[in-house]
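One structure is given here, and the rest of the page talks about it.
In UniProt numbering, the protein residues as written are 1 to 253.
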């Protein structure tokens, strides 16, 4: 159903369905050069869900998959077993293992439907030497407020200028709501990373990003941030060509 031919990604985005599936191995993946590892030597990612509720114009998922439908894997316990095995055999045993759990989706955006983020946070709190990164554009931080802040969990918000949000990050919360979520997370005691990724280049982009930085500086206590990462637009050649063919109207491609 998910990988069948003749599907149109953007058409399906207008009316996505949720597919429940059992994931087959591998359950855990070594981080690649495209993924920012944040300085962690043992950096891996998992895919609890395939695809995303959002529809960012620059997202690699539209080049990676033929279907825009959401796939939720019901055997999360198999992923956890694979993580435990990797923990026991990690290349740098004196360093923790950093696990990105929202690489192929935005888990927090899905949290009010299925509490997968909460489940993985609870798991990480019990697992020795395991840290999580939860990257998101969601404003649904309230879905986690009942949890005790964990120093093993890094909540990473992607922030973009209003123009990029409107023209490239379709269906995502506006910038001011993301900033409010960041403020709430910091006040509650969570570790927070800000991600300016990807930085989009267009006429007037420099001023827009300066204004974004000024807005962040005036709203968020920078001394309480874990760190800030910056990235450029990047996508594998095959994915890029596939998206360009399917979206000739996009200025990104």
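All C-beta atoms in this analysis are idealised placements derived from N, C-alpha and C, irrespective of residue type, glycine included.
Note that the coordinates shown come from a computational prediction; the quantities given were computed from them, not determined experimentally.
- For a cut-off of 8 Å, the C-beta gap from residue 233 to residue 63 is around 13 Å, too long to register as a contact.
- With respect to residue 135, residue 156 sits close: the two C-beta atoms are nearer than 7 Å.
- Taking the Cβ atoms as the reference, residue 194 lies roughly 6 Å from residue 159, within the contact range of under 8 Å.
- Taking residue 59 as reference, the option from 199, 207, 208 with the minimal CA-CA separation is 199.
- In this structure, the CA atom of residue 89 is about 25 Å from the CA atom of residue 74.
- Between the alpha carbons of residue 225 and residue 7 lies a gap of roughly 42 Å.
- Between the alpha carbons of residue 205 and residue 133 lies a gap of roughly 28 Å.
- Assignment of residue 216 by DSSP, reduced to helix, strand and coil, places it in the helix class.
- A straight-line Cα-Cα distance of about 42 Å links residue 145 and residue 245.
- Where residue 85 is concerned, the enclosing alpha helix (DSSP H) starts and stops at 76 to 88.
- Here residue 73 is bridged, per DSSP, to 21.
- Rounded to the nearest whole angstrom, the CA to CA distance from residue 166 to residue 237 is 26 Å.
- Assigned with DSSP and collapsed to three states, residue 157 falls in strand.
- A direct Cα-to-Cα measurement between residue 66 and residue 141 gives close to 31 Å.
- No Cβ-Cβ contact shorter than 7 Å links residue 49 with residue 22.
- Residue 242 carries a helical assignment under DSSP once its states are collapsed to helix, strand and coil.
- Restricting attention to 197, 181, 15, the CA atom closest to the CA of residue 190 is found in 181.
- Look at residue 208 here: in three-state DSSP terms it is helix.
- Judged by DSSP secondary structure, residue 44 falls within the beta strand (DSSP E) whose first and last residues are 42 to 45.
- For residue 228, no alpha helix (DSSP H) encloses it; the enclosing beta strand (DSSP E) starts and ends at 227 to 232.
- If you look at residue 64, you'll find it isn't in any beta strand (DSSP E); it sits in the alpha helix (DSSP H) that goes 61 to 64.
- DSSP places residue 55 in the strand class (E or B) of the three-state scheme.
- As DSSP reads the structure, residue 99 sits in a beta bridge with 44, 132.
- Straight-line spacing of the CA atoms in residue 24 and residue 221 works out to 43 Å.
- According to the DSSP assignment, residue 165 belongs to the alpha helix (DSSP H) that extends over 162 to 168.
- Here residue 193 is bridged, per DSSP, to 156, 227.
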